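In what follows, a structure is listed as structure tokens, so that the remarks can point back to it.
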Amino acid sequence: MNHTKTKKAFLSGNEAFAEGIRLARPQVISAYPITPQTLVVERLSEMVEDQSLAAEFIHVESEHSALSCAMGASAVGARAFTATSSQGLLYMAECLTYASGGRFPIVMMNANRATALPWNIYGDQRDSLSLLDCGWIQAYAENAQESLDLALMSYYIAEHPKVATPFMVNLDGFVLTHTYEVVHIPEQAQADAFLPPYTTENKLDFASPRNLGFSVGPELNDGFKYKEHLGMMAAKDVITEAEEKFAAIFGRTYPGLIETYETEDADYILITLGTIAGQVKDVVEGLRAKGEKVGMIRIRYMRPFPNEEIASAVKGAKAIGVLEKDISFGNEGTVYTNVNSALQKAGVSLPTANYIGGLGGKNISPHEIEEIFHALKKNESQVRFLGLEEV
Amino acid sequence: MTINAKNMTDTEFFYGNKGCAGCGGSLAVRIALKVLGERSIAVLPAGCMSAVGFNFPQLCFGNNAIISTFAGTASMLTGIAAGLRAQGITDFQAVGFAGDGGTADIGLQALSGAIDRNDDLLYICYDNEAYMNTGIQKSSLTPYGAKTTTTPAGSHIRGNLRPKKNLFEIVAAHGIPYAATASIGYLPDFMAKVEKAAKIQGTKYIHVMAPCPTGWGIATDATIDAAREMVDCGLWYLAEYENGEYHLNRKPQNFSDISTYLKSQGRFRHLTEADIAAITEVRDKKWESIEKNFLFK
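Residue numbers (our numbering), protein chains in the order written: chain F, 965 to 1355; chain B, 627 to 923.
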């Protein structure tokens, strides 16, 4: 890695993300506080105060206004940022489809947190996963460095003319947002070389006045939605392009929509997302040392969904598990649903098991992960709440 | 230069919309944009004016315009102003046009936030006293006694039982740089207020009464008359709030007959003499307060 032009700092995920946003030079930041997102906007407001970031910082009175304000800024061609979590994300949900339908490439950090009721401020992924259909690119970070790097890459991908789609970067609440790690912070000049200023035709313009945010009736509506879908699908190639350019400038490489770990000859593969992946890797390493052919896939992007990538990575396996901090009540985990669809479309027929865990920030132990790998050997398709007896 | 009917621009900025015949709201938007000109960016939430003006591919605004979320008129205006400022663009007017429901109900939080931040924007509420776009449902600006589709006038409940929220004074209580009431029945007054507001830095609010023939149960050529009559009978007043002071702009010597105003409208036709007496009493109390607290030149 080329670290000659970077400085090292001991940062939480929130702080690392704020550093990435500073380097991305957003012009308008609108945010409303919610635990565990607060630190990212506190740091950004300090950067505006000490003039290391030239942005308009708007103290909005709600999350709905945070995203509505960001849309206004984006609609005049400004680079906009906001951050939220859990109830805040749900409160602004109306604006999520609005921003994607308007093709406003806003970046938002979401600190993954449980949704009420019961109230709980700790991390699970039900907030963002319940909003997968809102037309936002959704990425899930594993550590603070990836958080910083995604802050920069998210604008590159979202603003690409072929994509023009808003981008939600998800950081596990507390486990990532509040955990400190050594992070490499690039120089501004490097960031500028990576990320050009935002330019777009999709804006209100005094030289050529426009009407935006209009109504479209039944005859033409599907055409707009189809284009929105194509924009999201185009993100797949642009993610690759962004990661290649990122590697060339910053010396850090990323593996695209999914990260695979010891999957090539694996009989049993556990698919997951977010910070828990680190622990799954440790367990895989331990089991490998005992001669067990196990592996892991970390989904980095839930939208666009890595259908082909997952199907291709698991096609030699005997069974797979999906471990997720989410449940779609009355059915199963949403990640599991998506994974099964990917396999079915690719003609990959495997037993798949779903493990729901980590809800409301409950710890998932290495032992439990090991148990999952053992259970996969039964080659059974099932949906289980980790650590709870079947009722 | 004061803009008036003689020197007003011929350019139309809100043209070809599918508003109902006699629509008061569309007149308010059309006239305000003529005063504000081509450097204005209009934000309209879900509501009558966005429903009649933004039907792709028939888009009716000659200036830059965008529909916001229903609750997000003020917050989108804030973002537009901030986004342009961040790019060094300062010669523009961010203007919102929201109805009574979009302002006094669902949009009040965002409006309050914008005033609190003193964001540089002009917010115009065109008040037609109910959710007209969705079919005449009660809002918090529907006056006492009015029949709407959600406050039916029957033998048990006679229309809307709650008084009209005083949004002008709620807005003023924020200490806003400029707030005004207006009426499309008194267009020169409305135009002068729009022109004045555009020159003031910070948040400006104009509450313009804009009758809706469809919802009020009046003839399509009676919009202006109804708007004037409402002011003349004292149920609406023309005023400004500036530098912490209220100013009354028009003081009727004698109120015109309140029952003539009420009985000319379908929405009030069920009112009894006792109802009208109650409305009159509230009007008189309000004017006592106006005379005590508002300055008048």
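Beta carbons are placed, not taken as given, at the ideal position from N, Cα and C, and that holds for glycine.
Bear in mind that the values here come from a model prediction, so they are computed numbers and not experimental data.
Where residue i sits in the DSSP three-state scheme
i	result
D883 of chain B	coil
N1271 of chain F	helix
I783 of chain B	coil
N630 of chain B	coil
V661 of chain B	helix
N966 of chain F	Since pLDDT at N966 of chain F reaches only 48, below the 50 mark, its modelled position is unreliable, and no value is offered.
M1073 of chain F	strand
S1092 of chain F	helix
Y812 of chain B	helix
R1348 of chain F	strand
I850 of chain B	helix
V1317 of chain F	Note on identity: in this sequence residue 1317 of chain F is Ala, with Val being the wrong assignment. Strand, per DSSP.
K1289 of chain F	coil
M675 of chain B	helix
Chain B within 8 Å of residue i, Cβ atoms only
i	result
Q1152 of chain F	no
R1067 of chain F	no
E1123 of chain F	no
I1022 of chain F	yes
A1253 of chain F	no
L975 of chain F	no
A1042 of chain F	yes
E1207 of chain F	no
D1169 of chain F	yes
P1082 of chain F	no
Y1062 of chain F	yes
A1034 of chain F	yes
E1335 of chain F	no
A1039 of chain F	yes
R1174 of chain F	yes
M965 of chain F	Because the pLDDT of M965 of chain F is 45, which lies under 50, any placement of that residue in the model is unreliable, and the number read from its coordinates should be weighed accordingly. For M965 of chain F, the answer is no, since every Cβ of chain B falls outside 8 Å of its Cβ.
Residue interval of the alpha helix (DSSP H) (run including residue i)
i	result
I741 of chain B	734 to 743
L1003 of chain F	1002 to 1013
G709 of chain B	699 to 712
S1038 of chain F	1027 to 1039
N1304 of chain F	1298 to 1310
T1236 of chain F	No alpha helix (DSSP H) contains T1236 of chain F, which is instead part of the beta strand (DSSP E) from 1232 to 1236.
Any C-beta of chain F under 8 Å from that of residue i
i	result
T635 of chain B	no
R711 of chain B	yes
T695 of chain B	yes
F640 of chain B	no
S738 of chain B	yes
I657 of chain B	no
S885 of chain B	no
F680 of chain B	yes
N744 of chain B	no
L662 of chain B	no
A724 of chain B	no
L734 of chain B	no
Delimiting residues of the beta strand (DSSP E) encompassing residue i
i	result
D753 of chain B	747 to 753
D1136 of chain F	1131 to 1136
K971 of chain F	971 to 976
Cα-Cα separation between residue i and residue j, rounded to whole angstroms
i	j	result
I692 of chain B	I1022 of chain F	20 Å
G811 of chain B	A1034 of chain F	37 Å
G1195 of chain F	V1127 of chain F	4 Å
F1293 of chain F	R1090 of chain F	11 Å
K923 of chain B	A903 of chain B	30 Å
T1224 of chain F	E1123 of chain F	27 Å
F696 of chain B	Q891 of chain B	28 Å
D1290 of chain F	E871 of chain B	55 Å
G1220 of chain F	K1342 of chain F	31 Å
D717 of chain B	M758 of chain B	34 Å
N592 of chain B	A724 of chain B	This structure cannot settle anything about residue 592 of chain B, because the visible part of chain B is limited to 627 through 923.
A824 of chain B	L662 of chain B	7 Å
T1164 of chain F	I715 of chain B	16 Å
P1069 of chain F	Q1154 of chain F	22 Å
H1028 of chain F	L1184 of chain F	28 Å
Check: residue i C-beta below 7 Å from any heavy atom of the ligand COA
i	result
K1254 of chain F	With respect to small molecules bound, the structure shown includes none, and the ligand COA cannot be examined in it.
### Task
Report yes or no: do three or more beta-carbon pairs, one from the segment 1046 to 1057 of chain F and one from the segment 702 to 717 of chain B, lie closer than 8 Å?
no
### Query
Any contact of the segment 643 to 652 of chain B with the segment 834 to 846 of chain B, i.e. 3+ C-beta pairs under 8 Å?
A contact exists between the segment 643 to 652 of chain B and the segment 834 to 846 of chain B.
### Task
Mind the definition here: the segment 1180 to 1196 of chain F touches the segment 1216 to 1223 of chain F only if three or more C-beta pairs lie below 8 Å; say whether that holds.
Touching, no, given that fewer than three Cβ pairs across the two stretches are closer than 8 Å.
### Contact between the segment 728 to 742 of chain B and the segment 795 to 814 of chain B (3+ Cβ pairs under 8 Å)
Contact between the segment 728 to 742 of chain B and the segment 795 to 814 of chain B is present, because at least three Cβ pairs lie under 8 Å.
### Message
Does the segment 1128 to 1138 of chain F come into contact with the segment 1148 to 1161 of chain F, if we say contact requires no fewer than three beta-carbon pairs (one atom in each stretch) closer than 8 Å?
### Response
By the C-beta criterion, the segment 1128 to 1138 of chain F is judged not to be in contact with the segment 1148 to 1161 of chain F, since fewer than 3 inter-stretch pairs fall below 8 Å.
#### Entry: Contact the segment 975 to 982 of chain F vs the segment 1102 to 1117 of chain F: 3+ CB pairs below 8 Å
yes
#### Entry: contact_flag[the segment 669 to 686 of chain B, the segment 765 to 774 of chain B] where n(CB pairs < 8 Å) is 3 or more
no
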